[in-house]
Amino acid sequence: MAQNPTAAKVAALIKEPIEGLGLRLWTVKFVKEGASWYLRVFIDSDDGIGIDQCVEVSHLIDPIIDEADPIAVSYCLEVCSPGLERELTEDWHFERYIGAPVTVKLIRPRDNKREFKGELKKYDGSVTVLCDGEELEFTKAELVSVRLDDADI
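Our numbering puts the first residue of the sequence shown at 135, with every later residue one more than the last.
Encoded structure:
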């Protein structure tokens with residue numbers, strides 16, 4: 135769940151300019167799919183994100199990234215919303231959504247299950263979820279992902 139070094143470099147470059155628009159940088163992902171590389175920038179705001187904001191951010195950050203040149207390969211830039219069932223990856227994501235319904239997916243099964251649904255109860259580097267009346271604690275090393283379920287964002 136940790137951000138790769140290229141994504142972290144890009145995030146450091148673009149966070150402040152995005153915040154200057156009154157938006158939040160949710161996360162940055164740099165991934166290879168097939169033969170192509172994608173730089174995905176996820177933005178958020180309290181009022182939601184529309185296509186116009188994605189276009190505005192794309193035009194804002196493209197020259198910043200080009201000038202700094204932190205990526206040695208050809209890639210496609212995508213700017214988008216994290217969506218309603220957003221993945222929680224950063225400490226502040228977990229802290230912000232304490233009390234929200236989540237789905238936890240594990241690398242290895244626990245009690246013959248790899249997926250748990252419940253309420254995010256606590257975050258202190260580990261994730262605690264209330265599932266069927268029982269609080270379950272998961273370390274980040276156990277996790278594939280933690281996503282919001284039907285969150286009212």
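Each residue gets a CB set at the ideal place from its N, CA and C atoms; glycine is no exception.
Since this is a predicted model, take the numbers as computed values, not measurements.
Start-to-end residues for the alpha helix (DSSP H) that takes in residue i
i: E153; result: 139-153
Residue i - DSSP class collapsed to helix/strand/coil
i: R281; result: strand
i: P204; result: coil
i: L194; result: helix
i: E276; result: helix
i: E224; result: coil
i: I185; result: helix
i: E268; result: strand
i: K199; result: Per the sequence shown, residue 199 should be read as Ile rather than Lys. In the structure shown, I199 sits in a helix (DSSP, three-state: H, G or I).
i: E167; result: strand
i: E253; result: strand
CB of residue i within 8 angstroms of CB of residue j, strictly
i: A142; j: L159; result: no
i: P147; j: Q187; result: Inspection of the sequence shows that residue 147 is occupied by Leu rather than by Pro. Not closer than 8 angstroms, so no.
i: F228; j: L254; result: yes
i: I232; j: K247; result: no
Limits of the unbroken beta strand (DSSP E) element including residue i
i: L211; result: 210-214
i: I241; result: 235-244
Rounded Cβ spacing between residue i and residue j (contact assumed at less than 8 angstroms)
i: V261; j: G252; result: Contact flag wrong, Cβ pair sits at about 10 angstroms.
i: E249; j: K239; result: 5 angstroms
Worksheet item: Are the region 197-216 and the region 174-184 touching by the rule of at least three beta carbon pairs closer than 8 angstroms?
Response: yes
Worksheet item: Are the region 214-233 and the region 276-285 in contact at 8 angstroms, needing three or more beta carbon pairs?
Response: At 8 angstroms Cβ cutoff, the stretches touch.
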